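Read the structure below first, then the notes.
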Amino acid sequence: MNTRSHILPATAQNYARAADVLAGGGLVALPTETVYGLAGDARNDAAVARIYAVKGRPAHNPLIAHVLSVGQAGDLARLCPLAEATAARFWPGPVTLVLPRKNGEGLSPLAGAGRDTIALRCPKAPWTDSFARSGFHGPLFMPSANRSGRVSPTTAAHVAADLGDAVDMIIDGGPCPIGLESTVVKIAHGRGTVLRPGAVTLDDLRAFDPRFSNAPMGDDIVAPGMLKSHYAPKAAVRLNVTQPKAGEAHLGFGTCYAAPGLNLSPSGDLAEAATHLFDYLRRLDTVDTIAVAPIPDHGIGRAINDRLGRAAAEREA
Ligand code: TXA
Ligand code: MG
7 MNTRSHILPA
17 TAQNYARAAD
27 VLAGGGLVAL
37 PTETVYGLAG
47 DARNDAAVAR
57 IYAVKGRPAH
67 NPLIAHVLSV
77 GQAGDLARLC
87 PLAEATAARF
97 WPGPVTLVLP
107 RKNGEGLSPL
117 AGAGRDTIAL
127 RCPKAPWTDS
137 FARSGFHGPL
147 FMPSANRSGR
157 VSPTTAAHVA
167 ADLGDAVDMI
177 IDGGPCPIGL
187 ESTVVKIAHG
197 RGTVLRPGAV
207 TLDDLRAFDP
217 RFSNAPMGDD
227 IVAPGMLKSH
237 YAPKAAVRLN
247 VTQPKAGEAH
257 LGFGTCYAAP
267 GLNLSPSGDL
277 AEAATHLFDY
287 LRRLDTVDTI
297 AVAPIPDHGI
307 GRAINDRLGR
317 AAAEREA
């Protein structure tokens with residue numbers, strides 16, 4: 007079995023081939039600034055059904071529609087003035103906006119999971135322009151290119167390890183520069199609520215406009231995909247560990263690191279730690295337990311701790 011032949015470098019020519027595959031209803035794994043995504047034509051029911059099947063994703067968990075240009079968002083959702091301004095400020099970039107959906111655009115209903123909202127993101131990735139030049143204008147439904155509930159992929163090799171031949175093409179654009187999924191923000195009634203923390207932090211959003219806040223604890227406005235156990239390696243995960251036990255691998259941060267294991271950032275840089283998080287969780291996933299050093303809970307550290315908390319959460323049998 008030749009599992010490597012469909013991994014292609016990120017060249018203009020290969021992006022044009024990827025656009026053809028997508029237009030023909032195929033699935034392509036694409037690099038973005040956050041993590042690798044598993045893309046399919048948002049108007050093609052069969053392609054969207056295959057995304058759910060390949061990921062093993064529960065049907066109640068809706069997908070993010072990725073637009074190739076900021077202007078395309080208005081075709082798919084109703085943008086209030088706050089949504090318009092937020093998109094203008096942060097797109098293309100690692101922010102997803104959950105907005106009231108417009109109907110009649112021919113998007114596959116499967117990906118909406120019966121909701122009256124739609125999540126939209128305009129990623130900062132070279133293929134948006136390449137696809138448009140090839141005559142494929144999207145939009146794309148594109149979840150992270152991992153098996154549902156597992157660690158998100160930040161390299162083409164991660165995608166190949168998880169999904170292999172189940173995807174028609176993988177474009178290798180190197181490691182993702184951010185390494186954590188986009189910040190998901192719901193905008194309704196002139197207010198913004200962070201449903202999933204990411205590289206664009208609540209402080210960043212509030213500095214732009216004070217009408218942003220975190221979802222209150224226990225609030226039912228959460229992203230349906232934010233299950234307690236998620237991002238999980240096979241190993242058990244133990245948090246806030248300064249001294250790992252014998253047999254554990256340490257995932258260190260800054261000066262808190264005791265080999266054997268890997269240090270997310272010896273210099274204590276949270277952005278660097280984010281780029282390594284998912285890769286190192288995968289690399290250390292040969293032991294029974296990964297013991298994780300305390301990570302400062304500010305800036306992108308909030309998003310790192312969010313993912314680690316879910317990786318450590320009790321799993322369903
Ligand atoms: O950075 C990212 O956002 C990556 C890259 C590939 O773009 N994509 C990604 O997609 O992380 P996914 O499907 O793995 O995560 C999307 C999250 C899920 O938690 C899902 O439940 C939530 O967004 N979501 C999607 N549609 C929603 C909606 N209408 N309302 C609330 N949450 C929604
Ligand atoms: Mg995901």
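Here my numbering is used: the first residue of the sequence shown is 7, the next is one more, and so on. Don't be surprised by glycine CBs; every beta carbon is placed ideally from N, CA and C. No experiment lies behind these values; they were computed from the predicted model shown.
Would residue i pass as a contact of residue j if the rule is Cβ separation under 8 Å?
| i | j | result |
| --- | --- | --- |
| A22 | S140 | yes |
| H282 | G185 | yes |
| D174 | V60 | no |
| L28 | D47 | yes |
| A238 | I296 | no |
| A317 | F259 | no |
| D285 | T134 | no |
| R49 | G110 | no |
| I310 | L257 | no |
| G77 | A53 | no |
| D294 | A241 | yes |
In terms of residue numbering, what span does the alpha helix (DSSP H) encompassing residue i cover?
| i | result |
| --- | --- |
| L169 | A162 to L169 |
| P328 | Any question about residue 328 goes unanswered here, given that the chain covers just 7 to 323. |
| G198 | Taken as a continuous stretch (DSSP letters only), G198 belongs to no alpha helix (DSSP H), being part of the beta strand (DSSP E) at R197 to R202. |
| T134 | W133 to S140 |
| I57 | D51 to K61 |
| F214 | L208 to F214 |
| D26 | A18 to A29 |
Please return the same chain residues whose Cβ sits closer than 8 Å to the Cβ of residue i, not counting the five positions on each side in sequence.
| i | result |
| --- | --- |
| D168 | A151, N152, R153, R156 and P159 |
| D209 | G305 |
| A65 | Y58, L116 and A119 |
| F137 | Y21, A24, A25, L28, L74, H143 and G144 |
| S271 | F259, G260, E278, A279 and H282 |
| Q249 | A264 |
For residue i and residue j, which I take to be in contact (beta-carbon distance under 8 Å), what is that distance rounded to the nearest angstrom?
| i | j | result |
| --- | --- | --- |
| I326 | A166 | Outside the shown range of the chain (7 to 323) lies residue 326, about which nothing can therefore be said. |
| T123 | V104 | 5 Å |
| I301 | L290 | In fact, because the Cβ distance is near 15 Å, the residues do not count as touching under 8 Å. |
| A265 | V190 | Their Cβ separation, rounded to whole angstroms, is 36 Å, which puts A265 and V190 out of contact at 8 Å. |
| H164 | R288 | 6 Å |
Could you give the first and the last residue of the continuous beta strand (DSSP E) run that contains residue i?
| i | result |
| --- | --- |
| V298 | T295 to V298 |
| D47 | G43 to D47 |
| A125 | T123 to R127 |
| K108 | Unbroken run through K108: none, as it is neither H nor E. |
| V243 | A242 to R244 |
| L268 | G267 to N269 |
| I70 | I70 to H72 |
| A35 | V34 to L36 |
| I358 | Here the chain comprises residues numbered 7 to 323, so residue 358 is not present and cannot be evaluated. |
| F329 | One cannot answer for residue 329 here, as it falls past the ends of the chain, which runs 7 to 323. |
| I193 | T189 to A194 |
Apart from the five residues on each side of it in sequence, which residues of its chain come closer than 7 Å, Cβ to Cβ, to residue i?
| i | result |
| --- | --- |
| N20 | L14 and I177 |
| L88 | I193, G196, G198, D215 and R217 |
| P106 | A83, R84, D122 and T123 |
| N8 | The pLDDT assigned to N8 is 41, lower than 50, so where the model puts this residue is not dependable; a value taken from the coordinates is nonetheless given after this. Hits under 7 Å: none found. |
| T207 | G305, I306 and R308 |
| C86 | I193 and G196 |
Can you list, in chain order, the residues of its chain with a C-beta nearer than 6 Å to that of residue i? Leave out the 5 residues immediately preceding and following it.
| i | result |
| --- | --- |
| M148 | G43, A45 and H72 |
| K130 | E39, P98 and G99 |
| P183 | E39 |
| T17 | none |
| L360 | Given that the chain is displayed from residue 7 to residue 323, the structure contains no residue 360 and the question cannot be resolved. |
| C128 | V73, V76, W97 and P98 |
| R63 | S154 |
With a threshold of 8 Å between beta carbons, is residue i in contact with chain C?
| i | result |
| --- | --- |
| V27 | No chain C is present in this structure, which holds just one protein chain. |
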